[in-house]
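K.L.:
Take this structure, written in structure tokens, and hold onto it; I'll ask about it next.
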């Protein structure tokens, strides 16, 4: 080999080595630049045919959405409920004057017709939708009851029937499951009194009432017919459904109880009667006052499993022989504050009756509520008082407001994510050195990125709701 050939071959080797070194250095610089940009929050394009985690998920963006949902869920699930209860604080409406302003009243909360949603409520709906409605309704009951007990702290809580929706139709095993579910939603406060024994037609039926149904309800919730004293007032709790039944096996105990009350009640204490079904009234004469949602007269209807009012003879017997100053009822779901009159003399008033609004979001009422009662009747004074109670309706948070806000927020989140991924250059201008999304994503990559982000946001929302409504 001559000298010229050796020089030429050495020259080629030198060029190859130089080229190799140059390529390696360029690769190292590019890799360093890519890493540095990632460290600065940038998401640079990946190699062709690959999809890196920096392109598919932006943790900073997710945290922004997560913060929004945390604030929103806390506002709806906690602050809104607390705000509703604070408006109902006893001091805001009791206003006892004179010596009684120094006396602590006995405070009562009435809960009417919770009617827990079950398989009998919406039998034609798909099971998944029925389950979602049931969970929403249970959560609504639970959180309202929780803050009713903690913020208003009534001395006594009284349920006025229809605790279940399909209680009259259940066999014992599923009925017992529903009973335990009810106790989870409405746990008893050991430091306060809770009275739950008054049955409704959804609990035991009406024309189809049987002794077995009545016994099952009474054995778990308490006696349906009872007399007790609260705040120097005599409460007479009447199972007017059994009282109205034609079968002596069903009505005998209730009628015997009513007869005994006529003789044994303390004549010195004001009387308050509790009945699930309202007492008879002429809706054209004894009209409902303010607070009722429906503009129609109070309905007078009956069927196999319901009756909107107790028959007139029984109602008259209760009003004239027990002589209550006040009656509380439920069943109608809407509010009705009316005064019973003596039909023999329309100028003579017998008793005021308040049909309490339902506290349920699924009973066809826009604004559910609980009824509050303040009792103040001191017995250690020489004075007698014409007014011994005050009562008001406490509105609960609008049941579907939260659902609407959540749905609108999810739609808005999806739209924002879509816009970010579809046109990232618009939003990157305001990113202050941090690219939100790269602009060269393929259609498949865009769809995947959108689904990953929205899925993460939706999952975070579901977890939040579950934690905030954990029973």
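In the UniProt record's numbering, the protein residues as written are 1 to 471.
Note that beta-carbon positions come from the ideal geometry of N, C-alpha and C, so glycine has one too.
#1: Could you tell me which whole beta strand (DSSP E) segments of length 3 or greater appear in the region 321-356?
#2: What's the C-alpha gap between residue 421 and residue 413?
#3: Residue 324 and residue 241 look like a contact to me (Cβ under 8 angstroms); what is the Cβ gap, rounded to whole Å?
#4: Could you check whether the Cβ of residue 213 sits closer than 8 angstroms to any Cβ belonging to chain C?
#5: Report yes or no: do three or more beta-carbon pairs, one from the region 300-318 and one from the region 358-375, lie closer than 8 angstroms?
#6: Just the C-alpha distance for residue 388 and residue 464, rounded to the nearest angstrom, thanks.
#7: I'd like the ranges of any alpha helix (DSSP H) spanning at least 4 consecutive residues and lying wholly in the region 148-189.
#8: So the candidates are 339, 239 and 234; which of them puts its Cα closest to the Cα of residue 224?
#9: Which of the three DSSP states, helix, strand or coil, is assigned to residue 61?
#10: Have a look at 179, 58, 63 and 104 and flag the residue whose alpha-carbon is nearest the alpha-carbon of residue 118.
#11: Given 8 angstroms as the limit, is there contact between the region 198-206 and the region 129-147, that is, 3 or more CB pairs closer than that?
#12: How would you write the range of the alpha helix (DSSP H) that residue 221 sits in, first residue to last?
#13: Check residue 281 in the structure and name its three-state DSSP category.
#14: Residue 82 and residue 145 - do their beta-carbons sit closer together than 8 angstroms?
#15: What is the DSSP secondary structure of residue 390, counted as helix, strand or coil?
#16: Taking 8 angstroms as the cut-off, does the region 282-294 touch the region 246-261 (at least 3 CB pairs, one atom from each stretch)?
#17: Taking the alpha-carbon of residue 392 as reference, which of 116, 355, 409 and 408 has the nearest alpha-carbon?
#18: Under 6 angstroms Cβ to Cβ from residue 24, same chain only, skipping five residues before and after it: list those, please.
#19: Can you list, in chain order, the residues of its chain with a C-beta nearer than 6 angstroms to that of residue 329? Leave out the 5 residues immediately preceding and following it.
#20: If you reduce the DSSP assignment to three classes, tell me which class residue 310 lands in.
#21: From the DSSP output, in three-state form, read off residue 358 for me.
#22: Nearest CA to the CA of residue 460: which residue from 218, 61 and 66?
#23: Tell me whether residue 213 is buried or exposed, calling it buried when 16 or more other Cβ atoms sit within 10 Å of its Cβ.
#24: Would the region 87-102 and the region 329-347 be scored as touching if the rule is three or more Cβ pairs under 8 angstroms?
#25: My output table needs one value for residue 104: the three-state DSSP class, helix, strand or coil.
#26: What does the alpha-carbon distance come out to for the pair residue 468 and residue 74?
#27: Given this structure, state the Cα-to-Cα distance separating residue 181 from residue 234, to the nearest angstrom.
#28: Rounded to a whole number of angstroms, what is the C-alpha to C-alpha distance between residue 301 and residue 349?
#29: With DSSP as the reference, identify every bridge partner of residue 373, one or two as the case may be.
#30: For residue 194, I'd like the list of residues in its chain whose CB is within less than 7 angstroms of its CB, leaving aside the five on either flank, ordered along the chain.
#31: Tell me whether the region 118-129 and the region 158-168 touch, counting them as touching only if at least three CB pairs, one residue from each stretch, are closer than 8 angstroms.
#32: Hey, how far is the Cα of residue 370 from the Cα of residue 153?
#33: Apart from the five residues just before and just after residue 109, which ones in its own chain have a Cβ nearer than 7 angstroms to its Cβ?
#34: For the beta strand (DSSP E) holding residue 229, just list the boundary residues, first then last.
#35: Would you kindly work out how many angstroms separate the C-alpha atoms of residue 50 and residue 445, rounded to a whole number?
P.N.:
Quick answer:
#1: 326-329, 336-342 and 345-355
#2: 12 angstroms
#3: No, residue 324 and residue 241 are not in contact; Cβ-Cβ is about 18 angstroms, not under 8 angstroms.
#4: Chain labels in this structure do not include chain C; a single protein chain is all it has.
#5: no
#6: 45 angstroms
#7: 172-185
#8: 239
#9: helix
#10: 179
#11: no
#12: 211-221
#13: coil
#14: no
#15: strand
#16: no
#17: 355
#18: With a pLDDT of 48 at residue 24, under the threshold of 50, the predicted position of this residue should be treated as unreliable, and no value is reported.
#19: 275, 278 and 355
#20: coil
#21: strand
#22: 66
#23: buried
#24: no
#25: coil
#26: 8 angstroms
#27: 31 angstroms
#28: 24 angstroms
#29: 108 and 391
#30: 157 and 188
#31: yes
#32: 13 angstroms
#33: 148, 152, 154, 157, 370 and 372
#34: 226-230
#35: Only weak support exists for where residue 50 lies, its pLDDT of 41 falling under 50; the value from the coordinates is given anyway. Each residue's Cα considered, the two are about 10 angstroms apart.
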